[in-house]
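Working notes for the structure below.
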């Protein structure tokens, strides 16, 4: 990562906009530059701008919101920071901003700051909020904020963080910087996985133990019982089938008899229904005769209705004709009157418009005159207000000038009184450095005292251990003597037993006797074969013709047995003593080894006690020296306080606060004086301006008053003329009245003409209607007479005496259909009942012939219920047996599966347990510490390369007992190795600088650190060490690195030619200058 430019606006004491281009030629040529300026001028603010642009926070300020913003310059409405940086992925621009409401200094701080990350060349936005920007910056650079402040920007107070951190925190820092945190995760995950696999294993064991399986005898018993129950269940099912068949036959017979009885009852009810329907049947027959010429009668009725309707309409039209003729005459008269009235309205409108034209011309002149009169009046009124305001402002400014003069005299007196505090800021900085050094020395003295106490306790412990080891040595000597005596006694006993015959000879003789006994036993076992031998006949085995054993000369084994027993007893006794001798010899050797080890441990304990005593004495001397140095510096501090006129009784920390308060007060007085002088100058200029304004107002008033009077008189004349011509009437209203009257007259003409036209049309239509109706009735009369004659003839032929009798016989079509359907339904029902009766009688006779049982239904139901209960009991027992066998099969299968899973899980657990024993822990320390030890070795190697260039005195080493602890070897003190906690301020700075440069070389897996900023710390170095440190930093130019050093040390400023200067201007403001620096006002 390489920072190319830094832009900032209104941050702390750096007001306005400022850009520092780090690609300028001077930076590239030298590779190192200094950021210089007095204490408090704003040097560290440049680093704050870098942090804000990249991460939205600084090492000293974390949060920005409505409640606080400690980096925004006072009395400003916004602050910004922007950084252009380069990585392997390209060039990028990071931007941060926070502002007040409407960017006004008096506005409220906004709830959150704004941040943005984009590509520098294309402007493409990559992220737009704080969280996304931080994540993207970490992705591009490989550095989060903590890693950035420990590798790129070593901020004030964090420079020695890695050196002074405890081992556990140092491991975390090393992880963050080098990206090796994955090993902690791996170690922790192995621990968690081993725990998971162990839980799975225990769960499987519990599951195997919880599964119960029947033995073979219980299984066979259950299977036999199941077979018997299956046979019994089939027998009961067959019995039930027969009984249910008999019950169904008996129920069928009863059902058929019931159906026949129901059919008889229904036939009886049907006969009653037929008798009741007879009158309606006769009425239906008459209606059917009348229905034959219903259509003819309907046509006759329609002709009669139409004739009567047109007759009524003709009489109505003739009655309306005379009134309609009178209305037409009246409408023609009204139309004529309306036309005459319209002509009158048109003449009145023409005359009125000519008058209105003259009035409107006068109104325009009056309006223009009134506007001029009003403008002149307003101008005079405004001049009066300005004169009043000018007089008040003059009075207020004169009062302020008088008050400011008094305050200025008071400030000058107070500044004269505190003149001795003019250079207090620099002097208090030196005092603060001495105070910090005294605190460091005091802390070092306390540490030395603590270490001395620890060494004293270690010495006491080692003395006790040496005494214990000496006692152990005496006990070991006594044990050697005892085992030596017992071994010699056992050896003498064994030698006594071996003088007559050795153990090897006894064993050889014992084996010979065993073989002899076996041969004799074989001879005795061939008794049957010997009985077949005869003298003179060759033996089938050896061919001899003499057979001594056949003559009962069989050898005996008793003597051999006794010899074997005696030798076995002797061998056992000798073996026991041989084993005892070997055991005692081993105990003797063990005792000798124990005594030797106890001697070594006693000697080692004595050596440790001597070394601890020497270390305690050396630490005691170091503690006394540290206390002496702290006391001397405390005297220096008291003398310094006396020079500041601060009593010796005041604590150094309180004295520092008093000095800071006095310095702030002095600066505040100067700022107030400067601010007051600026105000007085501005007020004087404003007073002169107000005087000129007062004279101008008076001249303008004299000029405008005559104009106002002239306009007033002209306006009065115009208004009088208009009043005489048209009074105060409104021309627009009068014109509207004329137009409305004309419009109403025209509308009245249109309405009367429309009424006349409509009435004429209605009269013509009525006359036409009368003629049409008379013609229609004349043509329909012959047709009506013919229809009446035809209907009379057909009615008489059908047997109806008159039209009234015909109408009484007529039934509506739905009623006729209903009666017809009812008649047909009764006839079908009678036929259906007869068919059903015959069918049921046939079926009943057939069923009775079967004669399946003599029992009644009650007896059959009882037998069926009894058999069903027995069958239910049998099925329950059979189901229980089947369930037990099924459960047992499932349990056996499950147990088999669980055992297979258990064996597989055992192998899996063994694998993870082995891995856990190697690298796993719950918190991930084992593997992490191992890997971090390797990483720490690399860091020490890189740091020593840099440290050797700065000083040949020191060399860093691992602490052999602690993987992440540092020790320093001092080549000027015969290679003495000591802890880094005892280094002085300058020594700590050199070691910390070496570590920081080493860390930057191994900062991450994805980035290269090409820009470094070092904030303070060089003040603790002597001249030679400072020169070596600067040469080392300058040599990094060959690696393409750019180093920025922030310091107020004068010697440092002299040795670094390329400088960015922070110069205080006034009132807490500073200005940046140097190579590549541009301000917003620069061209």
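Numbering (the working numbering), first residue to last: 272 to 1354.
Just so you know, even glycine gets a beta-carbon here, dropped at the ideal spot from N, CA and C.
If you're wondering where the values come from, they're calculated on a predicted model, not measured in any experiment.
1) Please classify residue 330 as buried or exposed, where buried requires at least 16 other C-beta atoms within 10 Å of its C-beta.
2) Out of 769, 580, 724, state which residue places its alpha-carbon closest to the alpha-carbon of residue 847.
3) Hey, which unbroken runs of the alpha helix (DSSP H) at 4 residues or more fall wholly within the region 617 to 682?
4) Report the CB separation of residue 375 from residue 348 in whole angstroms; it is logged as a contact under 8 Å.
5) Does the Cβ-Cβ distance between residue 1217 and residue 1303 come in under 8 Å?
6) Use the C-beta contact count for residue 307: other C-beta atoms within 10 angstroms, 16 or more gives buried, fewer gives exposed.
7) Looking at the strands, I want to know which residues DSSP matches up with residue 1239.
8) Tell me which same chain residues have a C-beta within less than 8 Å of the C-beta of residue 1163, skipping the five on either side of it?
9) For residue 1314 and residue 291, what's the separation of their Cα atoms in angstroms?
10) Counting along the chain, where does the alpha helix (DSSP H) carrying residue 511 start and finish?
11) Among the candidates 582, 791, 1028, 1226, whose CA atom is the shortest distance from the CA of residue 1042?
12) Could you tell me which residues DSSP puts in a beta bridge with residue 364?
13) If you reduce the DSSP assignment to three classes, tell me which class residue 272 lands in.
14) Which runs of the beta strand (DSSP E) at least 3 residues long sit entirely within the region 828 to 872? Give them in chain order.
15) Does the beta-carbon distance from residue 531 to residue 1066 come in below 8 Å?
16) Could you tell me which residues DSSP pairs with residue 376 in its beta bridges?
17) Can you find at least 3 beta carbon pairs, one from the region 1090 to 1097 and one from the region 607 to 614, that sit closer than 8 Å?
18) Return the first residue and the last residue of the alpha helix (DSSP H) that residue 332 is part of.
19) Beta-carbon separation of residue 366 and residue 357 under 8 Å?
20) When the Cβ atoms of the region 1113 to 1128 are set against those of the region 487 to 507, are three or more pairs found closer than 8 Å?
21) Can you say whether residue 1275 is buried or exposed, counting buried as having 16 or more other CB atoms within 10 angstroms of its CB?
22) Mind reading off the beta-carbon distance from residue 1149 to residue 504? Whole number of angstroms is fine, and I expect it under 8 Å.
23) From the DSSP output, read off the bridge partner residues of residue 277.
24) Check the C-beta distance from residue 1324 over to residue 954 and give it rounded, since I have them as a contact under 8 Å.
25) Out of 594, 641, 380, state which residue places its alpha-carbon closest to the alpha-carbon of residue 983.
26) Assuming contact is defined by CB atoms lying nearer than 8 Å, are residue 1044 and residue 585 in contact in what I supplied?
27) Using only the alpha-carbon positions, how far apart do residue 1184 and residue 471 sit?
28) When the Cα of residue 1061 is compared with those of 409, 564, 401, which residue comes out closest?
29) So the alpha helix (DSSP H) residue 1002 belongs to, where does it begin and stop?
30) From residue 650 to residue 665, what distance separates their C-alpha atoms?
31) By a C-beta neighbour count over all protein chains shown, 10 Å radius and 16 as the cutoff for buried, is residue 319 buried or exposed?
32) Taking just the CA atoms, how far does residue 342 sit from residue 283?
33) Rounded to whole angstroms, what's the CA-CA distance from residue 625 to residue 648? Just pull it up for me.
34) Applying the 10 Å Cβ sphere with the 16-neighbour rule, what's the burial state of residue 517?
35) Would you say residue 527 and residue 1114 are within 8 Å of each other, going by their C-beta atoms?
36) For residue 305, does the three-state DSSP call read helix, strand or coil?
Reading it off the structure:
1) buried
2) 769
3) none
4) The distance from the Cβ of residue 375 to that of residue 348 is about 5 Å, consistent with a contact at the 8 Å cut-off.
5) yes
6) buried
7) 1227, 1249
8) 484
9) 15 Å
10) 487 to 561
11) 582
12) Beta-bridge pairing by DSSP links residue 364 to 355, 389.
13) Residue state, collapsed to three classes: coil.
14) Within the region 828 to 872, no complete beta strand (DSSP E) run reaches 3 residues.
15) In terms of Cβ geometry, residue 531 and residue 1066 do not form a close pair [threshold 8 Å].
16) According to DSSP, residue 376 bridges with nothing at all.
17) no
18) That residue, residue 332, is in no alpha helix (DSSP H); it is neither H nor E in DSSP.
19) no
20) Short answer: they don't touch.
21) Caution is warranted here: a pLDDT of 48 is assigned to residue 1275, below 50, making its placement in the model unreliable, and the coordinate value is therefore given only provisionally. Flag for residue 1275 reads buried.
22) 6 Å
23) 291, 354
24) Not quite, the Cβ-Cβ distance comes to about 42 Å (not below 8 Å), so this is no contact.
25) 641
26) yes
27) 13 Å
28) 564
29) 1002 to 1068
30) 22 Å
31) Answer is buried; the Cβ neighbour count reaches 16.
32) 5 Å
33) 35 Å
34) buried
35) Cβ atoms of residue 527 and residue 1114: closer than 8 Å.
36) Assignment of residue 305 by DSSP, reduced to helix, strand and coil, places it in the strand class.
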